[in-house]
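Note that the UniProt record's numbering has the sequence shown beginning at 1, numbered continuously upward. Every residue gets a Cβ at the ideal spot worked out from N, C-alpha and C, and that includes glycine. Everything numeric in this text was worked out from a predicted model, so none of it was measured. Taking it in order: structure first as structure tokens, then the write-up.
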Amino acid sequence: MKQTVAAYIAKTLEQAGVKRIWGVTGDSLNGLSDSLNRMGTIDWMPTRHEEVAAFAAGAEAQLTGELAVCAGSCGPGNLHLINGLFDCHRNHVPVLAIAAHIPSSEIGSGYFQETHPQELFRECSHYCELVSTPEQIPQVLAVAMRKAVINRGVSVVVLPGDVALKAAPESASSHWYHAPLPTVTPAEEELRKLAQL
1 MKQTVAAYIA KTLEQAGVKR IWGVTGDSLN GLSDSLNRMG TIDWMPTRHE
51 EVAAFAAGAE AQLTGELAVC AGSCGPGNLH LINGLFDCHR NHVPVLAIAA
101 HIPSSEIGSG YFQETHPQEL FRECSHYCEL VSTPEQIPQV LAVAMRKAVI
151 NRGVSVVVLP GDVALKAAPE SASSHWYHAP LPTVTPAEEE LRKLAQL
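Structure below.
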């Protein structure tokens, strides 16, 4: 059986050291929640409201300094993430939000619970991208995770439920290379002057 896009996401997050995903599951997140259940290495932390999931991920990231993850299903689930993600972004904590979306064939049709996540999350994230095809997921996920960690803020991956269930590219590696945080070092001359004070 081929690895699905959702399973690829779960394995990549596992490689990155993610221990839990905060959220409220729904039909559009079934692929991810099923993959997490099969793996058994990342805990799904159910919350009563997606806003709580985003705040919980922000608190985890603040306490650990590590990437934390939250998820919301399509439509209202995405909308409810926004307040918490604004808080995460303004507090400069590394959070990845997985925003499930309506079936890809219905985008732009006025489908039930259709929103425009890329526009909604633009102001509360360093990065927000829609995954339209399985071939995009390795690059989009890697960029999203790195931007959240290096820029110390929010990244959002918008994932239609049907794309999550498709086969991931066979060449996609879920290996995660931890991004080193930038270091600022003063010039040697400045250090010498400071040492003489």
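Whole-angstrom distance between residue j and residue i, CA atom to CA atom
i, j, result
"THR25", "PRO103", "16 Å"
"SER35", "ALA6", "6 Å"
"GLU129", "GLY108", "16 Å"
"ASN91", "ILE150", "14 Å"
"GLY153", "TRP44", "22 Å"
"LYS11", "GLY110", "33 Å"
"VAL140", "THR185", "31 Å"
"SER28", "THR115", "14 Å"
"GLY17", "PRO169", "22 Å"
"ARG38", "LEU32", "10 Å"
"GLU144", "SER105", "The question names Glu, yet the displayed sequence has Ala at residue 144. For ALA144 and SER105, the distance between alpha carbons rounds to 24 Å."
Cβ separation of residue i and residue j, assumed to be a contact under 8 Å, to the nearest whole Å
i, j, result
"GLY75", "GLN113", "3 Å"
"GLN3", "ALA167", "7 Å"
"LEU81", "GLU51", "7 Å"
Short Cβ contact (8 Å threshold) for residue i with residue j
i, j, result
"GLY23", "CYS88", "no"
"THR47", "ALA56", "yes"
"ALA172", "LEU67", "no"
"ALA100", "LEU159", "yes"
"SER155", "SER125", "yes"
"ALA61", "VAL95", "yes"
"GLY72", "ASN78", "yes"
Within-8 Å CB hit, residue i to chain C
i, result
"HIS101", "Given the protein chain composition of this structure (a single chain), no chain C is represented."
Three-way DSSP call (helix, strand, coil) for residue i in this model
i, result
"ALA172", "coil"
"VAL157", "strand"
"ALA164", "helix"
inquiry  = At 3 residues or longer, what runs of the beta strand (DSSP E) sit wholly inside the stretch 59-138?
reply    = 68-72, 95-101 and 127-130
query = In chain order, which alpha helix (DSSP H) runs of at least 4 residues are fully inside the stretch 10-64?
reply = 30-39 and 50-64
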